[in-house]
Amino acid sequence: MTPYTDFTFFLLAAVALIPTMVLLAAGRPARWYNLFVSLLFLGLIFYGNAETLLFLGGYLIWQYLLIRGYLAVRKNGKSFPFFALSIVLSVAPLVWVKLVPLLQVKHGVGFLGISYLTFKAVQILIETHDGQIKEVKLRAYLSFLIFFPTLTSGPIDRYRRFLKDEEQPPDKAACKELFYTGINRIFRGFLYKFIIAYLINAYWLHLPLHQTKSAFSALSYMYAYSLYLFFDFAGYSAFAVGLSYLMGIRTPENFNKPFLSRNIKEFWNRWHMSLSFWFRDYVYMRIVFFLTKRKTIADKFVISALGYLALFLLMGIWHGLQLHYIVYGLYHALLMIGFEFFAHRSGWFDRWKTRFPVHLLSVIVTFHFVCFGLLIFSGWLF
Numbered sequence: 007m008t009p010y011t012d013f014t015f016f017l018l019a020a021v022a023l024i025p026t027m028v029l030l031a032a033g034r035p036a037r038w039y040n041l042f043v044s045l046l047f048l049g050l051i052f053y054g055n056a057e058t059l060l061f062l063g064g065y066l067i068w069q070y071l072l073i074r075g076y077l078a079v080r081k082n083g084k085s086f087p088f089f090a091l092s093i094v095l096s097v098a099p100l101v102w103v104k105l106v107p108l109l110q111v112k113h114g115v116g117f118l119g120i121s122y123l124t125f126k127a128v129q130i131l132i133e134t135h136d137g138q139i140k141e142v143k144l145r146a147y148l149s150f151l152i153f154f155p156t157l158t159s160g161p162i163d164r165y166r167r168f169l170k171d172e173e174q175p176p177d178k179a180a181c182k183e184l185f186y187t188g189i190n191r192i193f194r195g196f197l198y199k200f201i202i203a204y205l206i207n208a209y210w211l212h213l214p215l216h217q218t219k220s221a222f223s224a225l226s227y228m229y230a231y232s233l234y235l236f237f238d239f240a241g242y243s244a245f246a247v248g249l250s251y252l253m254g255i256r257t258p259e260n261f262n263k264p265f266l267s268r269n270i271k272e273f274w275n276r277w278h279m280s281l282s283f284w285f286r287d288y289v290y291m292r293i294v295f296f297l298t299k300r301k302t303i304a305d306k307f308v309i310s311a312l313g314y315l316a317l318f319l320l321m322g323i324w325h326g327l328q329l330h331y332i333v334y335g336l337y338h339a340l341l342m343i344g345f346e347f348f349a350h351r352s353g354w355f356d357r358w359k360t361r362f363p364v365h366l367l368s369v370i371v372t373f374h375f376v377c378f379g380l381l382i383f384s385g386w387l388f
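The numbering used here puts the sequence shown at residues 7 to 388.
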């Protein structure tokens, strides 16, 4: 069973979440029942694929042993070599899954959602290294990592924020608001994915026109793919957020009107926000901090540019090792570097950025830069 693709999934989820909603409405925590539901849906999603379930089980044990092992080391003080080794070993299964298509291995292993689980596990390791996480219990670890609404498509939550919601059931007023918001998000997901995205996919994206390579077909496909990708993925995210709210977990939003962004930096603060914030906090900021602390480079703009280059190249590779994903990452790195240069070294930008004509023009220009990036991402040009 693939999550969020048919009404059977939603029917089973609705039935399974009734006890959760009853417990929350009564002011009682539902963490143990929520874990049971996540395990149940884990079985349903991977039912009939014993090899995948075996790999998933081994993966969960592997990540937990790494976290527990580093926790034991961390109690005696920071140890960067052990920390670096733990990160490498944590991402090793994901790297292997990404390499399988290129190596043409016949019996590659993996499972749907391995990227999101890896981001969560790495986040726990990083915050353990920073001293923000002192203990990781097995139940909390499993509840966080395999939380079924976000298992396969995100958004990427944070461990401490997730546990806070689990441990503190909402009062009656907050519970009512959670349920209302959750149902609202689920209906929004139906509108986005099963109506708008479906219509774009059926009547625009797959036009015979797009089988030919021309300027007009490229432009048409660019708009169609960009809008389809947004509504399809935003629909998935709305479903995940909605079901999370019904389980008492305030999973962060993933999209905030990204096509109304005035510049590329604002776009990445609105598009797939949980992923972009994860890369910002755990890749970009740490590279900038490291280079600044070492004082090997004096120019802050150069440091920032190197951070963006590493961030977006890594983000591109995360999607896949194919050429169009790598080019997509480099394209956005150049856009971010160019915008940072323009914004911080142009007096014109500061004087005019709040005026409506400039605002409107900025939205239009940013939209087209973003859409061209998504055209690269689609692989249609390659």
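For each residue, glycine too, the CB sits at the ideal point set by N, CA and C. Remember, predicted model here, so these are calculated numbers, not experimental data.
Check: Spatial distance of Gly64 from Val101 (CA atoms); Outcome: 16 Å
Check: Residues of its chain near Ser96, where Cβ-Cβ distance is below 7 Å and the 5 sequence neighbours each way are ignored; Outcome: Gln69, Leu72, Thr124, Ala127, Val128 and Leu131
Check: Inter-residue Cα distance where the pair is Phe245 and Arg300; Outcome: 44 Å
Check: Those runs of the alpha helix (DSSP H) which lie wholly inside the segment 111-186 and span at least 4 residues; Outcome: 120-135, 144-151 and 165-173
Check: Supposed contact pair Asn262 and Gly160 - C-beta distance, whole angstroms, cut 8 Å; Outcome: That pair is no contact at about 15 Å.
Check: Secondary structure, alpha helix (DSSP H): runs of 4+ residues fully inside the segment 212-298; Outcome: 221-252, 270-274 and 279-285
Check: Sequence-distant residues of its chain with Cβ nearer than 8 Å to Gly350 (five each side left out); Outcome: Note on identity: in this sequence residue 350 is His, with Gly being the wrong assignment. Phe307, listed in sequence order.
Check: Local conformation of Tyr53 per DSSP, three classes; Outcome: coil
Check: CA nearest to the CA of Pro25, picked from Leu252, Ala146, Phe283 and Phe61; Outcome: Leu252
Check: Per-residue burial, Tyr122 [other beta carbons within 10 Å of its own, 16 or more giving buried]; Outcome: buried
Check: Buried/exposed call for Phe168, threshold 16 Cβ in 10 Å; Outcome: buried
Check: Start and end residues, alpha helix (DSSP H) containing Ile83; Outcome: It should be noted that the sequence gives Gly, not Ile, for residue 83. First-last for Gly83: undefined, no H or E at that position.
Check: Gly33 in three-state terms, based on DSSP; Outcome: coil
Check: Tyr198 (DSSP reduced to helix, strand or coil); Outcome: helix
Check: Close Cβ partners of Ile93 (< 7 Å) along its chain, the five nearest in sequence each way excluded; Outcome: Val128 and Leu131
Check: Local Cβ density within 10 Å of Glu183, reported as buried at 16 or more and exposed below that; Outcome: exposed
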